[in-house]
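Q: With the working numbering, the residue at position 49 of the sequence shown is 689, and numbering never jumps.
By construction, the Cβ of each residue, glycine as well, lies at the ideal position given by its N, Cα and C atoms.
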Amino acid sequence: MYKILVVEDEEIERKALVSLLKEHFAESLVVYNASNGMEALEILKDEDVQIIVSDINLPGINGLETIEFAKKIL
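#1: Would Lys711 and Val670 be called neighbours here (beta carbons separated by less than 9 Å)?
#2: By Cβ distance, which residues of its chain are closer than 7 Å to Glu687, with the 5 residues on each side in sequence left out?
#3: Mark Ala680 as exposed unless 16 or more other C-beta atoms lie within 10 angstroms of its C-beta, in which case mark it buried.
#4: Residues in the same chain with beta-carbon distance under 6 Å from Gln690, minus the five sequence neighbours each way, listed in chain order, please.
#5: Where do the ends of the beta strand (DSSP E) carrying Ile692 lie?
#6: Would you kindly work out how many angstroms separate the C-alpha atoms of His664 and Glu653, rounded to a whole number?
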């Protein structure tokens, strides 16, 4: 089972993507979600996530910075 993290500050878009992933891949994915980079990094500290799908334009630290920090955590 793969663990995926969706990072998107727009709630409607985040919920839609999470819902689609759960609907179509429920048996093979565990889906986490975060509304900003800091929240994403907190999840990454606790969970062994294999796939990250992130918006680039996030409040606080942007998506690219989030991925750079994530590389250090993972």
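A: Taking the definition as stated:
#1: Sequence index remark: in the sequence shown, residue 711 carries index 71 (1-based). Sequence index remark: in the sequence shown, residue 670 carries index 30 (1-based). No.
#2: Numbered from 1 along the sequence shown, position 47 holds the residue referred to as residue 687. Only residues of its own chain outside the window of five on either side were considered, and among them Lys643, Tyr672 have a CB closer than 7 Å to the CB of Glu687, listed in chain order.
#3: Mapped onto the sequence shown, residue 680 falls at position 40. Here Ala680 is buried: its Cβ has 16 or more other Cβ atoms, across all protein chains shown, within 10 Å.
#4: The residue labelled residue 690 in the question sits at position 50 within the sequence shown. Within the same chain, Gln690 has close Cβ partners Tyr642, Lys643.
#5: Locating residue 692 in the sequence shown gives position 52, counting from the first residue. Its beta strand (DSSP E) spans residues 691-694.
#6: The residue labelled residue 664 in the question sits at position 24 within the sequence shown. The residue labelled residue 653 in the question sits at position 13 within the sequence shown. Spanning the two alpha carbons is a distance of roughly 17 Å.
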